[in-house]
Amino acid sequence: MVEFLPKQANKLMAAQNVVQADHNKLSNIIFFGNNESEVKKESSQFKAPTSSVKDNILYVHLPEFSGSSSQGEKYANTIYYKMTSKIYKGIIIDLSNNLGGDIGPMLAGISPVIPNGKLFEIVNAANNPTSVTFRGSVTNNMGTKIDLGNVKKVTGIPVAVILNRWTASSGELTALALENNPSVKTFGGESAGYTSINDTYIMYNGAQVNITTSKIKKNNGQILFNNKIKPDVQTNNPIVQANNWT
């Protein structure tokens, strides 16, 4: 743990910005202001998933998500209904450049191809595990709960997942959740390596300190603590390779 002296904290407040530290060590330090324009800017950055169909293969680009609960529902519904509207030969889920954010809407959107049950465990500094589970479209113990009702699961078709060096944080955990589907194969490059959980502490001066404290334990027993996710097929042409496989 790193401690900040009051004098150092005051300097951080004076800066009134976000300081991005090495995620492997601290994660980040944020000063919260009351600037309404900043809040509006945050909301305006909402990006919905996009999709296309070629040769009966559904391609989905799943961007990072940060927004309101209503935006989360819109994000999830955008892709959920596309995935369940017809029977496809295969599905490609592109997580490239997904920097993370709120995992709940991301998993809800692709819930048709995520099996119900335990996704992985969060293991804290005391080595105590907490299971992150999935039921229907709802993620428990992580992210916002998005309930899409009676979810139609899609099985029996290949699901390709694309990663790159900018697939980070919750984007990486989304890939781990998909790994529980036996029909999934990953393509592309190694992920960013932000596979850990941060705890948040509020300092006396209003600054927020996020400290990386917990590891991720996959269902096969493998422990990840800021380890990169290696794709099953390492390639510079992941979409081509994924299309050929599906």
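Be aware that the sequence shown starts at 5, since it is given in this note's numbering, and climbs by one per residue. Glycine included, every Cβ here is placed at the ideal spot set by N, Cα and C.
Q. Smallest Cα separation from Gln226: which of Ser187, Lys149 and Ile126?
A. That would be Ile126, whose Cα lies nearest to the Cα of Gln226.
Q) So, using beta-carbon positions, are Ser141 and Leu111 closer together than 9 Å? A) The answer is yes: Cβ separation under 9 Å.
Q.
I need the DSSP call for Glu68, collapsed to helix, strand or coil.
A. Glu68: coil per DSSP, three-state reduction.
Q.
So, for Ile118: in the same chain, excluding its five sequence neighbours on each side, which residues have a beta-carbon less than 8 Å away from its beta-carbon?
A. Take Ile118, set aside five residues on each side of it, and the residues of its chain with a beta-carbon closer than 8 Å to its own are Leu111, Phe138, Ala181, Leu182, Asn184 and Asn185, in chain order.
Q | Endpoints, the beta strand (DSSP E) within which Ile150 is located | A | Looking at the DSSP string, Ile150 is not in any beta strand (DSSP E), and its letter there is neither H nor E.
Q | Beta-carbon proximity of Gly113 to Ile91, cut-off 9 Å | A | No, they are not a contact pair.
Q: Given a cut-off of 9 Å, decide if Phe191 and Val237 are closer than it, judged by their beta-carbon atoms.
A: Cβ atoms of Val237 and Phe191: closer than 9 Å.
Q. Roughly how many whole angstroms lie between the Cα atoms of Asn202 and Val158?
A. C-alpha of Asn202 to C-alpha of Val158: approximately 33 Å in a straight line.
**Q.** Continuous beta strand (DSSP E) stretch holding Gln211: start and end
**A.** The amino acid at residue 211 is misidentified as Gln; the sequence shows Ala. Taken as a continuous stretch (DSSP letters only), the beta strand (DSSP E) holding Ala211 covers Ala211 to Lys221.
Q. Based on Cα-Cα distance, which residue from Val155, Val136 and Ala196 lies nearest to Leu167?
A. Considering only Val155, Val136 and Ala196, the residue with the shortest C-alpha distance to Leu167 is Ala196.
(Q) Can you give me the C-alpha to C-alpha distance between Tyr79 and Asn128, rounded to a whole angstrom? (A) For Tyr79 and Asn128, the distance between alpha carbons rounds to 30 Å.
Q) From what residue to what residue does the beta strand (DSSP E) around Val158 run? A) Note, Val158: premise wrong, no beta strand (DSSP E); not H, not E.
Q. Per DSSP, Asn205 is paired with what?
A. Position check: residue 205 holds Tyr in this sequence, whereas Asn was assumed. Its beta-bridge partners are Val213.
Q: For Ala172, I'd like the list of residues in its chain whose CB is within less than 6 Å of its CB, leaving aside the five on either flank, ordered along the chain.
A: Correct list, in chain order: Leu103, Gly104, Ala196 and Tyr198.
Q.
Rounding to the nearest angstrom, what Cα-Cα distance links Ala130 and Glu176 in this structure?
A. Straight through space, the alpha carbons of Glu176 and Ala130 are spaced by roughly 24 Å.
Q: Taking only runs that begin and end inside the segment 66-104, name each unbroken beta strand (DSSP E) of 3 or more residues, in chain order.
A: List check, beta strand (DSSP E) in window: 94-98.
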